[in-house]
Structures are given as structure tokens and as C-alpha cells.
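Chemist: My questions all concern the structure below.
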Amino acid sequence: MGTLLQRTDLASLQDLTLCSLLGDRSQTSFLAAVPSTLESLEYHVVGATPEIHRFACLRSLTLIGSLYIEQGGRSEWPDIMRDFGVVAGPQMRDIGITLQVHEDPFWTFWTSGSSLGDMPFDYLANSLKKQDWSLLCAHLRECQLLQGLKIKVELKPMLDGKGKLSQDVPRCTSIVREVVDQYLPAAVASFAKVGVMCADTKH
92 MGTLLQRTDL ASLQDLTLCS LLGDRSQTSF LAAVPSTLES LEYHVVGATP EIHRFACLRS
152 LTLIGSLYIE QGGRSEWPDI MRDFGVVAGP QMRDIGITLQ VHEDPFWTFW TSGSSLGDMP
212 FDYLANSLKK QDWSLLCAHL RECQLLQGLK IKVELKPMLD GKGKLSQDVP RCTSIVREVV
272 DQYLPAAVAS FAKVGVMCAD TKH
């Protein structure tokens, strides 16, 4: 990435989208050339927790518009708020967090149907329980111009469409809503616009 763009190409950059794990040399070189002030930042990562906090150039960013973080993987996120706090600032107007719940190939369709204890939902529940929601609330108080916070949980079925989720989308969506309602603090839920959807079918 860094070899494709020169510093002069980035001088007027306003919107930045990162779609992979951070860490290789080309990305580090690229990020070093990013302007210190951006209108918006989108960060998409699958397979690991976000790594924004590791990069001084991103820690020093001033975001004046929107921040969007999409977190995938196996549906468990040790610390969503860590990187959120790194880049969210007082001038932020819109913030979005998408959590992807991926169907596991070993999650078979039992005749008893889907239940709250099934693996993907258990991962989601554990992750939400472990989050430092008080830290998020503290960050939100600092965003004096904030107009909206969107939290979306997206169900991701297996590509072949033969898994349990694909066969039981309404029930699985309902379970995710139960998990979110149970573990998302009222202080956050009252302010945020929370949505649950399947990757292919909205409910």
C-alpha cells in the first residue's frame, strides 16, 4: 500500500478506510504519510482485535467527522473500547461500531433448534460482558458534538448456505437481540441506535 501512494498524494486526504490487519511495513509507511486531520476513518478487521493503538500516527489523528469500526473474527472481541478511545475526539459527529457474528462450520443444525447457549451467541455474550462500557460512556461525554452512535450486530452465515444460521435466520436473529438487550448497558442503549441483521437478509 505504501509503495503505491506518495506523500504528496495524501496531503489533501480527508477520508481513510483501512481494510486489513495493521502491522506490515508497507502499511506502516503509508500510515506515516496520513494527514493529522481527517474527516472520517473506517477500520475493518477480521481475525484479531483492532490494533489502532499501536500506531503513533493514528493515535495523533484528529477526526472531525465520523469513526466507523467493523470487527469480525470468531465473534468475540477482548477490548473493543481500547481503540475506540484512541481515535474518538471531541469534534466527532458520528460513531459506528459493527460486530460480526460468524457462523462456525462445526456449529451443526440440531433438531432442537437454535438456543442462547450455542457457540456464536455464547462468544457474543461473553464479549459484551467483558467490555468496559464505562470507558465508552466516558468517551461519549468527551464528544461534545456527537449526533449519533450506531451499534450493529451482523450475522454472517457460511457461504454454502447449509449451516444452522442459514436454516434458522429468524430464531438466530432473535437470540442475538436477546444477548444485546441483556448485556448492553442501559446508559449506552438509551443513546445508541442498535441494530441486528443477517448479512443477506435484514430482520
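Residue 116 in the working numbering sits at position 25 of the sequence shown, and the numbers go up by one each step.
Beta carbons: idealized from backbone N, C-alpha and C, even for Gly.
1. Using the three-state DSSP reduction, which class does alanine 278 fall into: helix, strand or coil?
2. Does the beta-carbon of alanine 102, which I'm using as the reference point, lie nearer than 6 Å to any heavy atom of the ligand FAD?
3. Rounded to the nearest angstrom, what separates leucine 162 and glutamine 191 at their Cα positions?
4. Mind reading off the beta-carbon distance from proline 181 to glutamine 235? Whole number of angstroms is fine, and I expect it under 8 Å.
5. Could you tell me the distance, in whole angstroms, from the CA atom of leucine 158 to the CA atom of alanine 283?
6. Please report how far the alpha carbon of leucine 109 lies from the alpha carbon of isoleucine 186, in whole angstroms.
7. Look at the Cβ atom of leucine 129, then the Cβ atom of leucine 101, and state whether they are nearer than 7 Å.
8. What does the alpha-carbon distance come out to for the pair leucine 275 and proline 211?
9. On a Cα-Cα basis, can you pick out the residue from Trp224, Leu152, Val260 and Thr264 that is closest to alanine 123?
10. With burial defined as no fewer than 16 other Cβ atoms inside 10 Å of the residue's Cβ, what is the status of glutamine 222: buried or exposed?
11. Between the C-alpha atoms of valine 271 and alanine 216, what's the straight-line distance to the nearest angstrom?
12. How many angstroms separate the CA atom of valine 125 from the CA atom of glutamate 133?
13. Less than 8 Å between the CB atoms is what I'm expecting for valine 287 and valine 267, so what's the real figure, rounded?
14. If I follow the unbroken alpha helix (DSSP H) through methionine 210, where does it start and stop?
15. Got a sec? Which residues, its chain only, sit under 8 Å from leucine 96 by beta carbon, not counting five neighbours each side?
16. Count the other CB atoms, across all protein chains shown, that sit within 10 Å of the CB of leucine 207; report buried if there are 16 or more and exposed otherwise.
17. I believe isoleucine 188 touches isoleucine 242 by the beta-carbon criterion, under 8 Å. Please report the beta-carbon distance rounded to the nearest angstrom.
18. Could you tell me the boundaries of the beta strand (DSSP E) in which glutamine 182 lies?
19. How should lysine 220 be labelled, buried or exposed, when 16 other C-beta atoms within 10 angstroms of its C-beta is the threshold for buried?
Modeler: Per the coordinate set shown:
1. Looking at alanine 278 - three-state DSSP - the assignment turns out to be helix.
2. With respect to the ligand FAD, the structure offers nothing, as it holds no ligand at all.
3. A small fix is needed here, since residue 162 is glutamine in this sequence, not leucine. Near 6 Å, if we compare the C-alpha coordinates of glutamine 191 and glutamine 162.
4. Rounded, the Cβ-Cβ distance is 5 Å, consistent with contact.
5. Cα-Cα distance, rounded: 14 Å.
6. In this structure, the alpha-carbon of leucine 109 lies about 16 Å from that of isoleucine 186.
7. The Cβ atoms of leucine 129 and leucine 101 do not sit closer than 7 Å to each other.
8. A direct Cα-Cα distance of roughly 17 Å separates leucine 275 from proline 211.
9. Considering only alpha carbons, the answer is Leu152.
10. Glutamine 222 should be labelled buried.
11. Taking the straight line joining both Cα atoms gives about 8 Å.
12. Computed Cα separation, rounded: 14 Å.
13. The pair is a contact, with the Cβ atoms about 5 Å apart (cut-off 8 Å).
14. Where methionine 210 is concerned, the enclosing alpha helix (DSSP H) stretches over 210-221.
15. Summary for leucine 96: the model assigns pLDDT 46, below 50, so the residue's position carries little reliability; its value from the coordinates is reported in the next sentence. Phe121 and Ala124, listed in sequence order.
16. Under this definition leucine 207 is an exposed residue.
17. Going by Cβ atoms, the distance from isoleucine 188 to isoleucine 242 rounds to 5 Å, so yes, they are a contact pair.
18. No beta strand (DSSP E) contains glutamine 182, which DSSP labels as neither H nor E.
19. Lysine 220 is exposed by the Cβ-count criterion.
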